[in-house]
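In full-length UniProt numbering, the protein residues as written are 1 to 556. Reading through the structure tokens given below for one structure.
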């Protein structure tokens, strides 16, 4: 099975279908995936829900806005077809049409087997068949016909290919060096030499790259790095926004101007698609005539609010929160409507990004709308930060870290601002209070438990209490002796019984005791069966402990 999927969702779909789909369904899904692959446009993005439906004929239970770029989906679908056919264990004799091997296609098209491998990366769909009890790569005649129909120029170039002699390789290298010294880029050298020597561009490029890899000190294009990784592309984007010019990036990465510009656009598109534009939809957003009203300035308060009294004991930066005026109901409604409307506009533009004539201008507008939405959200949050402080003070005990509570509460406040549905007419402070309290209820007990077990940072608690323990070295020695005794009697059990006892009593280092149900789920049996095996194992342990005269508490 392939592991080099570019999209985790497609890989997870593969894992699910390989594990659960019947054999006939696997073959059907391989065929459906190949049909979808033949329809892809590399420049488009495809929703994963759509991809899942086309392959399996059902939609995921949990809807996702995840999209997959066409080129990545083409790569993954080819792997998916091969993996599904491999999982189905299809005998080559069972195929309803002619099946070609790599060697067959090499002879058929008069090309090398490396060319066939390259064609597989470019869309020639392969499957795996059982041949003489072993799995081999094969190509259905229909898959070959489809690839020929869509790649006639590539096939013709490949048919002109023959193995290069050493003299021809030397000539390509020498001519390439001369052109490179005159300032030609790799793509320009490849194009010129392919025309002059009647060879495919792939052959010329492969020859030059191999020479450079084997002769680093004499490399013709020492800065050429082959296929750029996603990390390379992100680095190009970051360097460009830090002030690097396109010509500098071209020279640094051995790429043409158009290639670098395309990378900059592609990375920016990817970042735009990742913007968190989830929002609370309202039917009023469809009324375009009210755009100015929605995006207008926040209404002024009818009368100035009275300055809030600052609780005593707060540090200056928390006391400063009480200088930010609270929002009245009208202001709060306006800001939440504006924030969600801005995200609505940005989301609508993003959905049409693939078909846009000027994607750069559209992305500029999307990012501007998003930044405005963030600015509005920040104003909402700043106006309610004092709410977090007041709740934290009410729920702080003597051992609580007040600033940690405030920090957790701030995160809850931010999430609440993003999820609040202003259209229901409720006050945000009510909803935010509930969200913050819910988070405190979830986190504070676990922190208490953690502190009770690990007091490493509360030195004053140690200093405040006397140490009534006996010699710690004696205790440690006794504990090691008990562990050795327990380990010795555990060897009386078989492997399954040892696993059950270790899980039930938390004997493995760093683990907690598990319930019967949890152990049963791990071992794939019912909790009643675990209870029976545990009782039998404990009986063996008691007998072993009695024989060894070891005093070990094994429960009732």
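We put the beta carbon where it would ideally sit given N, CA and C, even for glycine.
Within a 10 Å sphere around the beta-carbon of residue 34 sit 16 or more other beta-carbons, which makes this residue buried.
DSSP, read as helix, strand or coil, puts residue 101 in coil.
No residue range can be given for residue 216, since it is assigned to no beta strand (DSSP E) and is classified by DSSP as neither H nor E. The continuous beta strand (DSSP E) containing residue 67 extends over residues 67-69.
When the five nearest sequence neighbours on each side are left out, no beta carbon in the same chain lies closer than 7 Å to the beta carbon of residue 132.
Just so you know, the alpha carbons of residue 208 and residue 165 end up roughly 14 Å apart. If you look at residue 15, you'll find it in the alpha helix (DSSP H) that goes 8-20. Under the three-state reduction of DSSP output, residue 246 falls in the helix class. The C-beta distance from residue 1 to residue 86 rounds to 7 Å, short enough to fall under 8 Å. Beyond the five residues adjoining it in sequence on each side, residue 40 comes within less than 7 Å, by CB distance, of 70, 73 and 74 in the same chain, given in chain order. Leaving aside the five residues that flank residue 386 on each side, the residues in its chain whose CB is nearer than 6 Å to its CB run, in chain order, 321 and 322. In this structure, the straight-line span from the alpha carbon of residue 105 to that of residue 118 is close to 13 Å.
93 is the residue among 390, 93, 212 and 282 whose C-alpha sits nearest the C-alpha of residue 136.
A direct Cα-Cα distance of roughly 14 Å separates residue 191 from residue 173. The alpha-carbon of residue 347 is positioned some 55 Å away from that of residue 171. Within a 10 Å sphere around the beta-carbon of residue 506 sit fewer than 16 other beta-carbons, which makes this residue exposed. Pairing residue 44 with residue 67, the inter-Cα distance amounts to about 10 Å. Sixteen is the threshold: when 16 or more other Cβ atoms of the shown chains lie within 10 Å of the Cβ of residue 538, as they do, the residue is buried.
When DSSP assignments are scanned along the region 297-335, the uninterrupted stretches of alpha helix (DSSP H) that are 4 or more residues long and fall wholly within it turn out to be 316-319.
In this chain, the alpha helix (DSSP H) harbouring residue 537 covers 527-547. Taking a C-beta distance under 9 Å as the contact criterion, residue 237 and residue 263 qualify as a contact pair.
Counting along the chain, no alpha helix (DSSP H) covers residue 139; the unbroken beta strand (DSSP E) around it starts and ends at 134-140. DSSP, reduced to helix, strand and coil, places residue 130 within a strand of the structure shown.
Assigned with DSSP and collapsed to three states, residue 253 falls in helix.
Under the three-state reduction of DSSP, residue 355 is assigned to coil, being neither helix nor strand.
Of all C-beta pairs linking the region 326-346 to the region 277-295, three or more are shorter than 8 Å, placing the two stretches in contact. DSSP, read as helix, strand or coil, puts residue 46 in strand. Closest option to residue 362, judged by alpha-carbon separation, among 187, 350 and 215: 350.
For the 9 Å CB-CB criterion, residue 534 and residue 504 form a contact.
For the 9 Å CB-CB criterion, residue 36 and residue 51 form a contact.
A contact is defined here as three or more CB-CB pairs under 8 Å, and the region 356-374 fails this definition with respect to the region 310-319.
In the DSSP secondary-structure assignment, residue 91 is bridged to 130. Secondary structure at residue 435: helix, using DSSP grouped into helix, strand and coil.
In terms of Cα proximity to residue 126, the closest of 376, 272, 98 and 81 is 81. Distances from the CA of residue 141 to each of 392, 258 and 98 were compared; the closest alpha carbon is that of 98. Per DSSP, residue 290 lies in no alpha helix (DSSP H) and is assigned neither H nor E.
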